[in-house]
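*Asks:* Heads up: the sequence shown begins at 42 in the working numbering, then just goes up one per residue. Beta carbons: idealized from backbone N, C-alpha and C, even for Gly. Structure in structure tokens, see below.
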Amino acid sequence: MPDTSPTYNGKTIPIRPSLRRGGTLLIDLPIGARLTLGFLAAALIAALVTGATGLQRSQSLSSQAEFYRSILTANTNLNTGSQYLQLMKTETQSILALLQTPQPSNETLQNEKDALKSLVTRYDGLLNNYVNNDVLAKHPEQQSILDVIDSSNQLTHQQIVLVGSAQRTWNIHKTALNDISRYFDQGDIARARYLEQVQVELTNSDATSALRALIQFNVRLTDSINSAETVEFQDQVIFTIIGSIIAFILILIIGLVISGTLVRRLRQLRNVTQAVEQGQFNRRVNVVGRDEIADVSGSVNAMLEAIVGLLDETRNQRDALTNAAEHLFTDMRVVSAGDLRINAPVSNDPIGMLANAFNFTVGRFRRFVQRTRTTAEQLDVIARQQTERSESFTQALLQVKTTNNKAPLIVDAGKTDPRGKSNASENLESQQVELLTQLRQTRELMRQVSDEEILQRIQTILKIAEQSSHAVERLTNFPKSVSTSYAKVDELRQQFSDDLQLLASLNKRITQEMQISQHNTTRGFQELDKEMSQITARARLLKTQAGQAAPTAANVEAIQEVVKYSTQFANDVHALARQVSQMAQEIRTGIVSFQLDTVESGSTMAPLPQPGFSNPSLGPTPQGQASPSMPGRKNSMGLLETR
42 MPDTSPTYNG KTIPIRPSLR RGGTLLIDLP IGARLTLGFL AAALIAALVT GATGLQRSQS
102 LSSQAEFYRS ILTANTNLNT GSQYLQLMKT ETQSILALLQ TPQPSNETLQ NEKDALKSLV
162 TRYDGLLNNY VNNDVLAKHP EQQSILDVID SSNQLTHQQI VLVGSAQRTW NIHKTALNDI
222 SRYFDQGDIA RARYLEQVQV ELTNSDATSA LRALIQFNVR LTDSINSAET VEFQDQVIFT
282 IIGSIIAFIL ILIIGLVISG TLVRRLRQLR NVTQAVEQGQ FNRRVNVVGR DEIADVSGSV
342 NAMLEAIVGL LDETRNQRDA LTNAAEHLFT DMRVVSAGDL RINAPVSNDP IGMLANAFNF
402 TVGRFRRFVQ RTRTTAEQLD VIARQQTERS ESFTQALLQV KTTNNKAPLI VDAGKTDPRG
462 KSNASENLES QQVELLTQLR QTRELMRQVS DEEILQRIQT ILKIAEQSSH AVERLTNFPK
522 SVSTSYAKVD ELRQQFSDDL QLLASLNKRI TQEMQISQHN TTRGFQELDK EMSQITARAR
582 LLKTQAGQAA PTAANVEAIQ EVVKYSTQFA NDVHALARQV SQMAQEIRTG IVSFQLDTVE
642 SGSTMAPLPQ PGFSNPSLGP TPQGQASPSM PGRKNSMGLL ETR
């Protein structure tokens, strides 16, 4: 037989019934033998009741059949006797007639006499046989049949009276026959005729009447037997009903006794299982007997012991898992406080594997923070360089404006040297047009650098950071869920691994978005740096040429337009530099006070300040609102005014 014992963690759990048993002989029997015994007992009781009823009925029918046979035999004999009496009368008359003939035949006469004597002898034997064998007084079983209708004594008395009457009339008739036979032998025909007329015929009639009375009595006796049979059948029906009721009660008692040995212990087993379902693991089944239910009860007790052992082992493992998880989440809270230098201990248990994944994720975050810090420093350097360049460009514009105001205005260029002055004016005008065109291109480049795509990427980074915060919040609440739930270790490990993988993927996305944003911003600022260098060189060249030649009215207007656009461009560059500087400062501040739960900080973060240039997608700076200034640096753009 194969081993069906359960296993846990590779260990076989022994489940065997208890050996302490007790009970009665009936409970010690197997259930199959017990049920068979109950069925056999019920069948035996039913067979006994049915057999007793059938035996009683058969005995009654047998007695009645014997009674009927006796009455039939008696009636046959009595009818034969009646015929004998009739033949006696006929023989007497025949002998008398034969004697009256002139020459009677002696042989015939003797035959007639012998026949008469034979009839007398036969009738006498028949009547004596009836008196000795067929009367009720000689048959107690027949009287018992008639006792059912309480007419046995009455019928017996009537039969005795009728039998006595038949004997008495027969004896008288027999005496008369003997006398007439003597007269026949003597040849006294006259006296024989007289005796036949006076006594023989009358006594024959009396004997025949008495015999017929006996025959009528037997007929009435048959009716009494029928009545007794009806009453006895009713009694047998009542006996059958009572016997069936008694048999049903006995079978019911046997069934209750046998089922009680099963149902009572099954009910106890059910109560114990229900109590165990409600948490009462100390309940046990009382093992009674040695049948299959006792084996099941013992197995249930052993199984409960094994379950309690497994629960204790599971509880110990859960406590150990909770302690290890608490240490791990302590490290997580340290990381949540901003310290990324933590390194959780690694072991071979599931929590140790989670700690390994946690260390990997923290390392990824550490590298991400380092790259973010580097990016912030690069943005700060770029913002500082662009601010210095915009200030130097502003100073150059101020000098150009001052020089233009001090230079004398030439009203009519034709009155002077037309050749030299006209060539210089044409060169100066062409350079101013080129400078104006380059300023427009630079403004378009600034719009591209500060385009909405960068802001969208920053918002995407904030959303990813918010998702990271939610994942960290779930990991922070993980010890509470472990202590309150009864989930398996594999499920807890899978859940923790999923959250860590989610954090790693979010960290990777944040890094990619920051790298793309840094690359685009750096490339834009490099192009701006290149364009501003060219604009500065052209402005200085324009300043030198403007100092050598007196400007005309057209040149003055062109210079004023260039100064106007240059001033607006310088303001835009300076505002963009302040915005980049502020962004770098915010990144640096976030790194210093690094927190993983950034839901509130991400939702309450102030919108980024927009530069004051006219961008259709970005609104202009409200009038009267001061532009934000970079910390620790004087705002020199307030000195410029565009006319």
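1. Start and end of the alpha helix (DSSP H) containing Val164?
2. With 16 as the cutoff for other CB atoms within 10 Å, does His214 come out buried or exposed?
3. To the nearest angstrom, how far is the alpha carbon of Gln559 from that of Glu532?
4. For Ala611, I'd like the list of residues in its chain whose CB is within less than 6 Å of its CB, leaving aside the five on either flank, ordered along the chain.
5. Below 8 Å between beta carbons: does that hold for Val241 and Ile221?
6. For Asn219, which of Ala347, Arg209, Ile68 and Lys158 has the nearest alpha-carbon?
7. Please state the DSSP three-state secondary structure of Pro181.
8. Taking C-alpha atoms, which residue in Ala83, Arg405, Asp613 and Lys571 lies nearest to Phe706?
9. What would DSSP say about Arg110, mapped onto helix, strand or coil?
10. Among Arg306, Asn397 and Gly350, whose alpha-carbon lies nearest the alpha-carbon of Phe322?
11. Answer yes or no: do Ala254 and Leu203 have a C-beta to C-beta separation smaller than 8 Å?
12. From the DSSP output, in three-state form, read off Asp453 for me.
13. Indicate the three-state DSSP secondary structure (helix, strand or coil) for Asp191 in the structure shown.
14. Only counting the same chain, and skipping five residues up and downstream in sequence, which positions put a Cβ closer than 6 Å to that of Ala145?
15. Between Ala251, Thr133 and Leu303, which lies nearest to Ile230 when the distance is taken from Cα to Cα?
16. Cα separation between Asp540 and Arg515?
17. Thinking just about the alpha-carbon of each residue, which of Arg359, Leu119, Ile299 and Ala316 is nearest to the one in Ala74?
18. Distance check for Thr501 and Ala512, CA to CA, integer angstroms please.
19. Using the three-state DSSP reduction, which class does Leu70 fall into: helix, strand or coil?
20. Given a threshold of 16 other Cβ atoms within 10 Å of its Cβ, counted over all protein chains shown, does Gln556 qualify as buried or as exposed?
21. Drop a sphere of 10 angstroms on the beta-carbon of Asp613, count the other beta-carbons inside from all chains shown, and report buried for 16 or more, exposed for fewer.
22. For the stretch 93-113 and the stretch 257-266, state whether three or more C-beta atom pairs, one from each stretch, are separated by less than 8 Å.
23. Quick check: the Cα distance between Asn688 and Ala545, rounded to an integer number of angstroms?
24. Which of helix, strand or coil does DSSP assign to Val387?
25. Quick check on Gln97: does DSSP put it in helix, strand or coil?
26. Identify whether Asn323 lies in helix, strand or coil by the three-state DSSP scheme.
27. Count Cβ pairs between the stretch 149-158 and the stretch 267-283 that sit closer than 8 Å; are there 3 or more?
28. Which residue comes first and which comes last in the alpha helix (DSSP H) that contains Arg331?
29. How is His511 classed by DSSP in three states: helix, strand or coil?
30. Could you name the residues of the same chain whose beta carbon sits closer than 6 Å to that of Val387, not counting the 5 residues immediately before and after it, in chain order?
31. Per DSSP, what kind of secondary structure is Gly33 in: helix, strand or coil?
32. Give me the Cα-Cα distance between Tyr171 and Asp188, rounded to the nearest whole angstrom.
33. Consult DSSP for Asp229 and reduce its assignment to one of helix, strand or coil.
34. Under the rule that 16 or more other beta-carbon atoms within 10 Å means buried, what is Gln319, buried or exposed?
35. Return the first residue and the last residue of the alpha helix (DSSP H) that Gln240 is part of.
36. Measuring alpha carbon to alpha carbon, tell me which residue in Ala385, Arg414 and Leu168 is nearest Thr371.
*Replies:* Reading off the structure:
1. Mapped onto the sequence shown, residue 164 falls at position 123. Checking the sequence shown, residue 164 turns out to be Tyr, not Val. Asn147 to Asn170 is the span of the alpha helix (DSSP H), which, as asked, contains Tyr164.
2. To locate residue 214, count along the sequence shown from 1; it is residue 173. It is buried - the Cβ of His214 has at least 16 other Cβ atoms within 10 Å.
3. By 1-based counting over the sequence shown, the position of residue 559 is 518. By 1-based counting over the sequence shown, the position of residue 532 is 491. Looking at the two C-alpha atoms, the distance is approximately 40 Å.
4. Here residue 611 refers to the residue found at position 570 when the sequence shown is read from its first residue. For Ala611, where only same-chain residues beyond five positions count, the Cβ hits under 6 Å are Ser431, Phe434 and Thr435.
5. The sequence position of residue 241 within the sequence shown is 200, counting from 1. The sequence position of residue 221 within the sequence shown is 180, counting from 1. Yes, they are a contact pair.
6. The residue you call residue 219 lines up with position 178 of the sequence shown. Cα-wise, what sits closest to Asn219 is Lys158.
7. Position 140 of the sequence shown, counted from the first residue, corresponds to residue 181. Note: Pro181 maps to helix in three-state DSSP.
8. The structure shown does not extend to residue 706, since the chain spans only 42 to 684, so no value can be given for it.
9. Within the sequence shown, residue 110 is the residue found at index 69, counting from 1. Correct three-state label for Arg110: helix.
10. In the sequence shown, residue 322 corresponds to position 281, counting from 1. Per the Cα distances, Gly350.
11. What you label residue 254 is simply residue 213 of the sequence shown in a count that begins at 1. What you label residue 203 is simply residue 162 of the sequence shown in a count that begins at 1. For Ala254 and Leu203, yes; Cβs fall inside 8 Å.
12. Here the question's residue 453 lines up with position 412 in the sequence shown. Low confidence applies here, because Asp453 scores a pLDDT of 42, under 50, leaving its location unreliable and the question unanswered by this model.
13. Indexing the sequence shown from 1 puts residue 191 at position 150. Note: Asp191 maps to coil in three-state DSSP.
14. Mapped onto the sequence shown, residue 145 falls at position 104. Before going further, note that residue 145 is Pro rather than Ala in the sequence given. Once the five neighbours on either side are set aside, the close Cβ partners of Pro145 are Leu139.
15. By one-based count along the sequence shown, residue 230 stands at place 189. When each option's Cα is compared against that of Ile230, the closest is Thr133.
16. Position 499 of the sequence shown, counting from 1, holds the residue named residue 540. Position 474 of the sequence shown, counting from 1, holds the residue named residue 515. Approximately 8 Å between the Cα atoms of the pair.
17. In the sequence shown, residue 74 corresponds to position 33, counting from 1. That would be Ile299, whose Cα lies nearest to the Cα of Ala74.
18. Mapped onto the sequence shown, residue 512 falls at position 471. Mapped onto the sequence shown, residue 501 falls at position 460. Using only the alpha carbons, I get a separation of about 17 Å.
19. Position 29 of the sequence shown, counting from 1, holds the residue named residue 70. Leu70: coil per DSSP, three-state reduction.
20. On the sequence shown, position 515 is the one that residue 556 refers to. The residue is exposed, with fewer than 16 neighbouring Cβ atoms inside 10 Å.
21. Residue mapping note: residue 613 aligns to position 572 of the sequence shown, counting from 1. With 16 or more other Cβ atoms within 10 Å, it is buried.
22. yes
23. Here the chain has residues from 42 to 684 only, and residue 688 is not among them.
24. Within the sequence shown, the letter at position 346 stands for residue 387. Three-state DSSP puts Val387 in coil, outside helix and strand.
25. Taking the first residue of the sequence shown as 1, we reach residue 97 at position 56. Here Gln97 sits in helix by DSSP.
26. For the purposes of this step, residue 323 is taken as the residue at position 282 of the sequence shown. Looking at Asn323 - three-state DSSP - the assignment turns out to be coil, as it is neither helix nor strand.
27. No: fewer than three Cβ pairs fall under 8 Å.
28. Counted from its first residue, the sequence shown places residue 331 at position 290. That residue, Arg331, is in no alpha helix (DSSP H); it is neither H nor E in DSSP.
29. For the purposes of this step, residue 511 is taken as residue 470 along the sequence shown, with counting starting at 1. Looking at His511 - three-state DSSP - the assignment turns out to be helix.
30. Within the sequence shown, numbered from 1, the residue matching residue 387 stands at position 346. For Val387, where only same-chain residues beyond five positions count, the Cβ hits under 6 Å are Gly393, Ala396 and Asn397.
31. No information on residue 33 is available, as it lies outside the stretch 42 to 684 that the chain covers here.
32. Locating residue 171 in the sequence shown gives position 130, counting from the first residue. Locating residue 188 in the sequence shown gives position 147, counting from the first residue. Rounded to the nearest angstrom, the two C-alpha atoms are 22 Å apart.
33. Here residue 229 refers to the residue found at position 188 of the sequence shown. Judged by DSSP in its simplified three-state form, Asp229 adopts coil rather than helix or strand.
34. Here residue 319 is taken as the residue at index 278 of the sequence shown, counted from 1. Classification for Gln319: exposed.
35. Locating residue 240 in the sequence shown gives position 199, counting from the first residue. Counting along the chain, Gln240 falls outside any alpha helix (DSSP H), and DSSP gives it neither H nor E.
36. Counting from 1 along the sequence shown, the entry for residue 371 is found at position 330. Per the C-alpha coordinates, the member of Ala385, Arg414 and Leu168 positioned closest to Thr371 is Ala385.
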